[in-house]
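Working notes for the structure below.
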Amino acid sequence: DTVGPELDVEVQDVFTRGVVPVVLLARGFEGLHASAVRDSLGVIGLCGTSGTGKSTLAVALESTGLQHYADDTLVYQLAGDSPVAVRLPFPVRLDDMARKATRARVLPFSRLERVTSAPIRRVYHLRRDPSLDPRVPRFAAIPGAKGFEVLLAHAHPFDMAGEERRGAFMRNLLALAAAAGVWECSFAPALDELPLLADAVREHASGQ
Numbered sequence: 435d436t437v438g439p440e441l442d443v444e445v446q447d448v449f450t451r452g453v454v455p456v457v458l459l460a461r462g463f464e465g466l467h468a469s470a471v472r473d474s475l476g477v478i479g480l481c482g483t484s485g486t487g488k489s490t491l492a493v494a495l496e497s498t499g500l501q502h503y504a505d506d507t508l509v510y511q512l513a514g515d516s517p518v519a520v521r522l523p524f525p526v527r528l529d530d531m532a533r534k535a536t537r538a539r540v541l542p543f544s545r546l547e548r549v550t551s552a553p554i555r556r557v558y559h560l561r562r563d564p565s566l567d568p569r570v571p572r573f574a575a576i577p578g579a580k581g582f583e584v585l586l587a588h589a590h591p592f593d594m595a596g597e598e599r600r601g602a603f604m605r606n607l608l609a610l611a612a613a614a615g616v617w618e619c620s621f622a623p624a625l626d627e628l629p630l631l632a633d634a635v636r637e638h639a640s641g642q
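Sequential numbering from 435 applies to the sequence shown in the numbering used here.
Here's what the structure looks like:
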């Protein structure tokens with residue numbers, strides 16, 4: 435029997451999300467449970483617990499002119515002391531309501547060159563807070579060791595490795611926390627206000 439196009443796409447999705455990152459981790463790369471976009475200065479990661487809205491916000495940021503860079507898994511390695519993200523062809527997973535919300539505005543043409551690697555310059559830890567005004571997200575810097583703890587909670591450790599690899603994993607994550615600014619972005623979930631959230635995140639990232 436021949437494989438239908440829908441199944442072929444599904445198999446490719448499973449392979450890209452499930453197999454490729456594991457192979458890269460075995461070869462010394464690291465991974466964060468995060469989506470990401472890229473501006474002219476580098477990659478901006480969006481981490482958080484499942485269901486926070488990482489994928490949705492990344493697509494909304496793309497609609498502001500940024501380059502969509504990663505969905506659900508952000509793979510990186512160190513170049514000296516600098517964390518460099520590797521772009522993988524992850525298809526974006528959004529539910530119908532989120533997809534409709536991210537298409538509410540006209541997508542501008544991004545003048546950014548399509549690249550396969552770029553430095554990670556910022557990581558946002560997304561946190562839902564229904565008490566906030568959905569039009570006004572709140573940003574707070576996460577300093578030093580606390581920033582490392584946040585990244586550790588969303589890192590992909592390589593379970594089948596020895597002591598040396600686990601040590602490298604910790605050192606690489608410490609380097610990421612030191613090189614990239616880690617910020618908390620608290621927001622009230624509201625798909626109708628998603629464009630405003632995307633604008634606020636982009637403005638905050640560009641102003642620091």
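All C-beta atoms, glycine included, are put in the ideal place defined by N, C-alpha and C.
The DSSP-derived three-state label of VAL616 is strand.
Note on geometry: alpha-carbon atoms of LEU508 and LYS488 lie some 11 angstroms from one another. Measuring C-alpha to C-alpha distances from ASP505 to each of GLY578, LEU491, THR498, VAL518 identifies LEU491 as the nearest. Looking at the DSSP output, GLU627 shares a beta bridge with no other residue. Taking a cut-off of 8 angstroms for Cβ pairs, the stretch 566-584 and the stretch 462-470 do not touch, as fewer than three such pairs fall below it. Taking the CA atoms as reference points, GLU637 sits about 11 angstroms from PHE573. DSSP links GLY476 through a beta bridge to ASP473. In summary, SER640 is exposed, with fewer than 16 beta-carbon neighbours lying within 10 Å of its beta-carbon over all protein chains present.
The Cβ-Cβ distance between CYS619 and ARG561 falls below 8 angstroms. Look at HIS590 here: in three-state DSSP terms it is coil, with no helix or strand label. In the same chain as VAL477, and ignoring 5 residues on each side of it, the C-beta atoms closer than 6 angstroms to its own belong to ALA470, TYR503, ALA519, ALA552, ILE554, in chain order.
The beta carbon of HIS588 sits closer than 7 angstroms to the beta carbons of LEU466, HIS467, ALA468, CYS481 from its chain, once the five residues preceding and following it are set aside; these are given in chain order. Put simply, of ALA602, ARG605, TRP617, GLY601 the residue whose alpha carbon is nearest the alpha carbon of GLY479 is TRP617. Looking at the backbone, the Cα of ALA632 and that of PRO577 are separated by about 23 angstroms.
Collapsing the DSSP output to three states places VAL570 in coil. Annotation for LEU560: the continuous beta strand (DSSP E) segment containing it runs 551-562. For ALA622, there is no enclosing beta strand (DSSP E), as DSSP marks it with neither H nor E. Between THR486 and PRO571, the alpha-carbon positions lie close to 14 angstroms from each other.
For the set LEU495, PHE603, ALA513, LEU522, the Cα lying nearest the Cα of ALA634 is the one of LEU495. Taking a contact as a CB-CB distance under 8 angstroms, the pair PRO591 and PHE603 counts as one, their CB atoms being some 6 angstroms apart. Within the same chain, Cβ atoms closer than 8 angstroms to the Cβ of LEU585 are found at LEU466, CYS481, VAL557, LEU607, LEU610, ALA611, VAL616, the five residues on either side in sequence being excluded.
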